[in-house]
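K.L.:
I have a structure I would like to understand better, so I am pasting it below and will then ask my questions one at a time.
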Amino acid sequence: MSTEGTYDLAVVGAGIVGLAVARELLTRRPGLRLAVIDKEPAVGAHQTGHNSGVIHAGIYYQPGSLKARLCVEGAAALFDYCEQREIALDRCGKVIVALHERELGRLEELERRGRANGVPGLRRVDAAGLRELEPHAAGVAALHSPNTAIVDFPAVARALADDVRAAGGELLLGTEIVSAERRAGGAGLLLRGADGRETVARRAVFCAGLWADRVARAAGADADPRIVPFRGQYLTLAPAARSLVRGLIYPVPDPALPFLGVHLTKHVSGEVWAGPSALLVGARDAYAIGRVRPDDLRETLAWPGTWKVMARYWRSGLDELRLAASRRAFAAACAEYVPALQASDLLPGQAGVRAQAVSRDGRLVDDFVFSQSPDALHVRNAPSPAATSALAIAGLVADRAQEALGLDR
Ligand SMILES: Cc1cc2nc3c(=O)[nH]c(=O)nc-3n(C[C@H](O)[C@H](O)[C@H](O)COP(=O)(O)OP(=O)(O)OC[C@H]3O[C@@H](n4cnc5c(N)ncnc54)[C@H](O)[C@@H]3O)c2cc1C
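Below, the structure written as structure tokens:
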């Protein structure tokens, strides 16, 4: 018998990953008493609502990694889902541009990876071919991915939330989970809210994005890896400058870094964004650059891995500071790819904060990471392209929830 606040499964986090997991499990197990719990009053309030809006094709990722597989599968599933739910998307395509001959080796490696990952339609183009695709872009060569697309991820999250409700799931919004204790006698978990409300669930799946490590620890899981917040600032192109960009223009990324570099991204709204930068910040919700939360800062600085990352990447850190401090520097970075762009074409835009998992020994954890604690599964690292991959991640988490958590019993 279900009493109020008692569920078979609680999914903590109503970002795109948590919602996709909830929908998948309700599809597989109709009648499951399921609640999705989020601390914010609306779904998709953090990374899901503050990203570049790109459905990645799966080019960048190490063949054989979870990212490689789940991105390719997730993108295909998302195309179908958006068609089914009539969510606007635009297969505008993307070019990854080599500015100099010295980048050609890395461009080749990306092409090799993309092919190994099964990315459809990849094609190398020379400078003239690049200009046919993006008449205002400069570069010696590019990799063209015609199947990279753009979508409104918050709209996807809202559609998934509607599906969850329609399948009988509940959304408990405005409820921050601060602890998750196992109840005596194997009677599941007691999830305590910051407001004192309690929810009982036989099992839980935690998909808390920027707070993934904190809720994992609250449920008795390992502290490693820690989430370190990296703020990404965007600028938007003034309407008159939008025609300088047709689709998506990306640099050849630095293979040592987990971020893709400042890119120019068309949006489904018609806007064109430049960014995001990647600056280590003092709050997990540092949408305003000056926001510092003492607990967040303390956790970042007390983590041994943070210092190792800073020691290793201080040079890129300084570059990012320069981008954060100067619109002129930001414009100059963009103008390398689209020389006609000027600082006056760039207007203030929104910001997002990336949940970057950092291991105790100072690795920027690249692949998706899932772990388990008694009665619970944890999505510990779901950075980009997790929005693209959400429907495939949901399949994998649902498999594990059915096996490891015994949801079928
Ligand atoms: C700047 C930026 C650009 C990106 N660009 C892209 C892109 O173009 N394409 C792409 O595929 N991916 C992109 N990503 C990555 C993508 O946005 C994320 O990988 C994805 O949104 C992760 O989804 P999530 O559901 O795991 O996390 P989130 O969307 O962050 O959701 C986590 C949820 O958990 C909730 N929560 C946390 N703690 C608690 C608690 N204690 N109690 C209750 N609720 C809690 C939060 O409120 C939040 O709603 C980008 C990310 C950023 C930041």
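Under my numbering, think of the first position of the sequence shown as -8, with each following residue one higher. For every residue, glycine included, the Cβ atom is placed at its ideal position computed from N, Cα and C. Since the model is a prediction, treat every value here as computed from it, not as a measurement.
1) Going by beta carbon distance, what residues of the same chain come within less than 6 Å of Pro401, once the five residues before and after it are set aside?
2) If you run the structure through DSSP and keep just helix, strand and coil, what is Ile78?
3) What did DSSP end up calling Glu94 once you bin it into helix, strand or coil?
4) Starting from Tyr(-2) and walking both ways along the beta strand (DSSP E), at which residues does that stretch end?
5) Taking the CB atoms as reference points, tell me whether Leu201 and Val344 lie closer together than 9 Å.
6) To the nearest angstrom, how far is the alpha carbon of Ile384 from that of Ala210?
7) Just verifying my parser: in three-state terms, what is the DSSP assignment at Asp390?
8) Go to Arg208, then tell me how far its alpha helix (DSSP H) extends in each direction, as first and last residue.
9) Go ahead and pull the three-state DSSP assignment for Phe70.
10) Is it the case that the CB of His258 approaches a heavy atom of ligand 1 more closely than 8 Å?
11) What residues are listed by DSSP as bridge partners for Ile141?
12) Name the DSSP bridge partner or partners of Pro242?
13) What does DSSP give as the partner residues of Trp264 in its beta bridges?
14) How about Ala68 and Val34: are their beta carbons less than 9 Å apart?
15) Starting from Ile7, follow the alpha helix (DSSP H) in both directions and report where the run begins and ends.
16) Here's the rule: buried if 16 or more other CB atoms are within 10 angstroms of the residue's CB, otherwise exposed. What is His91?
17) Kindly indicate which residue of Leu228, Asp71 and Gln341 has the alpha-carbon position closest to the one of Val263.
18) To the nearest whole angstrom, what separates the beta carbons of Val349 and Pro216, a pair I think is in contact under 8 Å?
19) Excluding the five sequence neighbours on either side, which residues of its own chain have a C-beta within less than 7 Å of the C-beta of Ala89, listed in chain order?
20) Quick one: is Pro374 buried, meaning 16 or more other Cβ sit within 10 Å of its Cβ, or exposed?
21) Across which residues does DSSP place Ile28 in a beta bridge pair?
22) So for Phe250, helix, strand or coil by DSSP?
23) Just the Cα atoms here: how many angstroms apart are Arg282 and Val272?
24) How big is the Cα-Cα spacing for Leu151 and Val360?
25) Do you know how far the Cα of Lys30 is from the Cα of Val388?
26) Nearest to Leu164 by alpha carbon, out of Gly49, Gly9 and Gln224?
27) How many whole angstroms separate the CB atoms of Ala140 and Ile78, which I take to be in contact at a CB cut-off of 8 Å?
28) Please name the residue, chosen from Val169, Val191 and Ile168, that lies closest to Ala175 on a Cα-to-Cα basis.
29) Kindly indicate which three-state DSSP category Leu332 falls into: helix, strand or coil?
30) What's the call for Pro365, buried or exposed, on a 16-neighbour Cβ count within 10 Å?
31) Could you say which of Phe321, Thr297, Tyr241 and Ser335 lies nearest to Ala231 if we only look at CA atoms?
32) Using the C-alpha atoms, what's the distance from Glu102 back to Cys62?
33) According to DSSP, Arg345 sits in a beta bridge with which residue or residues?
P.N.:
Reading off the structure:
1) Outside the displayed span of the chain (-8 to 400) sits residue 401, for which this structure offers no information.
2) Stepping through the sequence shown from its first residue, residue 78 is reached at position 87. Of the three classes helix, strand and coil, the one that applies to Ile78 here is coil, per DSSP.
3) Position 103 of the sequence shown holds residue 94. Of the three classes helix, strand and coil, the one that applies to Glu94 here is helix, per DSSP.
4) Here the question's residue -2 lines up with position 7 in the sequence shown. It spans Thr(-3) to Val3 - the beta strand (DSSP E) in which Tyr(-2) sits, taken as one unbroken run.
5) Counted from its first residue, the sequence shown places residue 201 at position 210. Counted from its first residue, the sequence shown places residue 344 at position 353. Yes.
6) For the purposes of this step, residue 384 is taken as the residue at position 393 of the sequence shown. For the purposes of this step, residue 210 is taken as the residue at position 219 of the sequence shown. Spanning the two alpha carbons is a distance of roughly 21 Å.
7) What you label residue 390 is simply residue 399 of the sequence shown in a count that begins at 1. Correct three-state label for Asp390: helix.
8) Locating residue 208 in the sequence shown gives position 217, counting from the first residue. Unbroken alpha helix (DSSP H) run through Arg208: Ala203 to Ala209.
9) On the sequence shown, position 79 is the one that residue 70 refers to. Here Phe70 sits in helix by DSSP.
10) Sequence index remark: in the sequence shown, residue 258 carries index 267 (1-based). False, no ligand heavy atom lies under 8 Å from that Cβ.
11) Sequence index remark: in the sequence shown, residue 141 carries index 150 (1-based). Beta-bridge pairing links Ile141 to Val45 and Asp81.
12) The sequence position of residue 242 within the sequence shown is 251, counting from 1. Note: Pro242 sits in a beta bridge opposite Val88.
13) Here residue 264 refers to the residue found at position 273 when the sequence shown is read from its first residue. Thr227 and Thr256, per the DSSP bridge assignment.
14) Stepping through the sequence shown from its first residue, residue 68 is reached at position 77. Stepping through the sequence shown from its first residue, residue 34 is reached at position 43. No, the Cβ-Cβ distance between Ala68 and Val34 is not below 9 Å.
15) Residue mapping note: residue 7 aligns to position 16 of the sequence shown, counting from 1. Ile7 -> alpha helix (DSSP H) spans Ile7 to Arg19.
16) On the sequence shown, position 100 is the one that residue 91 refers to. By the neighbour-count rule (16 or more Cβ atoms within 10 Å), His91 is not buried but exposed.
17) As a position in the sequence shown, residue 263 is number 272, starting the count at 1. With distances taken between Cα atoms, Val263 lies closest to Leu228.
18) Start at 1 with the first residue of the sequence shown, and residue 349 comes out as number 358. Start at 1 with the first residue of the sequence shown, and residue 216 comes out as number 225. The pair is a contact, with the Cβ atoms about 6 Å apart (cut-off 8 Å).
19) Translated into positions along the sequence shown, residue 89 becomes position 98. Same-chain partners within the cutoff: Leu95, Leu98, Gly130, Val131, Ala132, Ala133 and Val243.
20) Translated into the one-based positions of the sequence shown, residue 374 becomes position 383. By the 10 Å Cβ count, Pro374 comes out buried.
21) Locating residue 28 in the sequence shown gives position 37, where the first residue counts as 1. Bridge partners of Ile28: Val3 and Leu163.
22) The residue labelled residue 250 in the question sits at position 259 within the sequence shown. Of the three classes helix, strand and coil, the one that applies to Phe250 here is coil, per DSSP.
23) Within the sequence shown, residue 282 is the residue found at index 291, counting from 1. Within the sequence shown, residue 272 is the residue found at index 281, counting from 1. Those two C-alpha atoms are separated by around 8 Å.
24) Within the sequence shown, numbered from 1, the residue matching residue 151 stands at position 160. Within the sequence shown, numbered from 1, the residue matching residue 360 stands at position 369. Distance between the alpha carbons of Leu151 and Val360: 23 Å.
25) The count along the sequence shown starts at 1 and reaches residue 388 at position 397. The count along the sequence shown starts at 1 and reaches residue 30 at position 39. Taking the straight line from one Cα to the other gives about 22 Å.
26) By one-based count along the sequence shown, residue 164 stands at place 173. Of the candidates Gly49, Gly9 and Gln224, the one whose C-alpha sits nearest the C-alpha of Leu164 is Gly9.
27) Translated into the one-based positions of the sequence shown, residue 140 becomes position 149. Translated into the one-based positions of the sequence shown, residue 78 becomes position 87. Not a contact, Cβ separation roughly 11 Å.
28) As a working note, residue 175 is residue 184 in the sequence shown. Looking at the Cα atoms, Val191 is the closest of the given residues.
29) Along the sequence shown, one-based indexing puts residue 332 at 341. DSSP places Leu332 in coil when its eight states are reduced to three.
30) As a position in the sequence shown, residue 365 is number 374, starting the count at 1. So Pro365 counts as exposed.
31) What you label residue 231 is simply residue 240 of the sequence shown in a count that begins at 1. The candidate whose alpha carbon is nearest that of Ala231 is Ser335.
32) Within the sequence shown, numbered from 1, the residue matching residue 62 stands at position 71. Within the sequence shown, numbered from 1, the residue matching residue 102 stands at position 111. For Cys62 and Glu102, the distance between alpha carbons rounds to 16 Å.
33) Within the sequence shown, residue 345 is the residue found at index 354, counting from 1. Paired residue(s): Phe221.
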